[in-house]
Amino acid sequence: MENKRELLVIGEMTPRMMAAFARDFTVHELSGIDDIPGFLNEAGERIEAIATFGAETVPQQVMDGLPNLKIISCYGVGYDGIDTQTAVKRGIVVTHTPNVLNNDVANTAILLMLAVSRQLVRDDCWVRSGNWKVKGAAPLTRSIEDKTVGIVGLGRIGETIAAKLQAFSCKVCYHSRNPRDVAYPYFADLVAMAKAADYLIVITPGGAATRHLIDRAVLDALGPDGTLVNVARGSVVDEAAMVAALREGRLGYAGLDVFEAEPHVPEELFAMDNVVLLPHVGSATVETRQAMGDLTVENLQRFFKQGRVTTPVPECAHLVEVD
Ligand code: NAP
Ligand code: 8YV
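Under this note's numbering, the sequence shown is numbered contiguously, ending at residue 333.
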């Protein structure tokens with residue numbers, strides 16, 4: 011019987027993905043390995059592929075211990091957990107899952123805007139706790155209609171958010187390093203955009219280039235009536251500065267799907283009723299995760315069967331045939 015290629019899985023994949031992997035590969039799961047150096051010593055040379063959950067880091071020790079690694083297929087669009095510089099140097103192709111998650115991540119951003127502004131969680135408790143019967147109507151909330159929304163990172167997802175916000179008559183503007191050929195006003199100066207905005211939605215990649223892009227100056231500019239929504243990566247926001255700004259009333263509200271040290275969330279946020287907290291579920295619907303999983307599998311299968319991939323990350327596109 012022909013020997014199967016060997017694949018290392020990092021992080022949690024769906025049963026559908028695991029079944030697909032098992033058809034073509036001998037699968038090792040990093041989470042089940044206690045002695046990683048021993049494992050790398052014994053099996054490292056045979057492993058040619060990694061499949062990794064987008065929000066996970068591929069440890070340097072693992073990259074170094076796989077001398078014949080050819081491809082890393084990321085189950086997620088953000089690949090800040092993968093050292094692409096080393097990958098490119100070693101000729102390792104990195105792929106990811108762009109576009110198939112745009113709608114659900116954009117929906118999550120708007121869900122957070124609405125949940126924070128319309129006090130969804132407080133009002134759900136109002137009913138369950140019996141307050142409605144005892145205290146009467148819940149206090150009024152705030153509308154998102156006609157508000158100014160600054161999008162930080164008008165890429166695939168940012169543009170999808172902007173399009174959906176038209177249904178709420180929001181005035182959209184954006185900040186990124188380069189202006190785009192779009193009708194939305196561009197702000198080269200992020201602080202100036204935060205000053206002009208009622209809502210700031212953060213949807214850039216993570217990594218060193220965007221670390222703490224949302225700092226105290228940006229938060230203070232957004233101000234006591236402003237709302238921060240982060241569906242990008244926790245690292246993009248200076249979390250300590252954000253918690254302090256919320257505590258001191260310099261920032262009004264926050265809707266957060268991502269945090270700096272997931273799954274750890276600053277506990278001070280738990281007591282605040284001006285924030286809504288989600289456990290990094292931007293793309294986590296059955297439908298979207300299936301599409302992301304299928305693309306993660308497809309990239310691996312095509313790489314080994316056809317020498318091509320569907321969605322390489324831009325840094326690696328020159329290393330492989332793409333279509
Ligand atoms: P994309 O199409 O590459 O868009 C990224 C945008 O960010 C671009 O407009 C880019 O414009 C801008 N940007 C990059 N670096 C910047 C910087 N230093 N300062 C300001 N703007 C910067 O990516 P996407 O597909 O929309 O995904 C964006 C990110 O969302 C992912 O990388 C991931 O981290 C996150 N995400 C989170 C979830 C979740 O579950 N919460 C789900 C999916 C994705 P310029 O290059 O012109 O600056
Ligand atoms: C998921 C994400 O949390 O795609 C991304 O960048 O953050 C999310 O879709 C995760 O990456 C899925 O593996």
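Just so it is clear, CB atoms sit at the ideal spot from N, CA and C, and this is done for glycine as well.
Treat the numbers as computed from the prediction; the structure is a model and nothing was measured.
Buried versus exposed, by CB contacts within 10 Å (16 or more), residue i
i	result
Gln-129	buried
His-185	buried
Lys-122	Note that residue 122 is Leu in the sequence shown here, rather than Lys. When all chains shown are included, Leu-122 counts as buried.
Asp-333	exposed
Ser-139	exposed
Ser-127	buried
Ala-125	buried
Glu-155	exposed
Lys-99	exposed
Gly-422	A query on residue 422 cannot be resolved here, the shown segment of the chain reaching from 11 to 333 and no further.
Ala-242	buried
His-318	Note that residue 318 is Arg in the sequence shown, not His. Classification of Arg-318: exposed, given that the 10 Å Cβ count is below 16.
Asn-309	buried
Which of helix, strand or coil DSSP assigns to residue i
i	result
Lys-99	helix
Cys-326	helix
Gly-265	strand
Phe-178	helix
Glu-58	strand
Asn-109	coil
Val-72	helix
Val-275	coil
Ser-83	strand
Residue i versus the options, residue with shortest Cα-Cα distance
i	options	result
Met-23	Glu-66, Ala-147, Ala-202	Glu-66
Val-87	Ala-231, Gly-216, Val-332, Glu-249	Gly-216
Asp-133	Gln-300, Gly-160, Pro-149, Val-162	Pro-149
Ser-179	Ile-224, Val-159, Arg-187, Ile-167	Val-159
Ala-255	Asn-284, Thr-96, Asp-267, Ala-116	Asn-284
Thr-295	Val-115, Asp-225, Leu-279, Thr-306	Val-115
Thr-105	Tyr-196, Leu-232, Phe-63	Phe-63
Within 7 angstroms, strictly: CB atoms of residue i and residue j
i	j	result
Glu-270	Gly-236	no
Gly-292	Met-27	no
Ala-198	Val-228	no
Ala-61	Ser-83	yes
Leu-223	Val-239	no
Asn-112	Thr-151	no
Val-381	Cys-326	A query on residue 381 cannot be resolved here, the shown segment of the chain reaching from 11 to 333 and no further.
Leu-50	Gly-75	yes
Could you give the uninterrupted runs of the alpha helix (DSSP H) lying entirely in the region 187–257, keeping only those of 4 residues or more?
If we require 4 residues or more, the alpha helix (DSSP H) runs fully inside the region 187–257 come out as 200–206, 226–232, 249–257.
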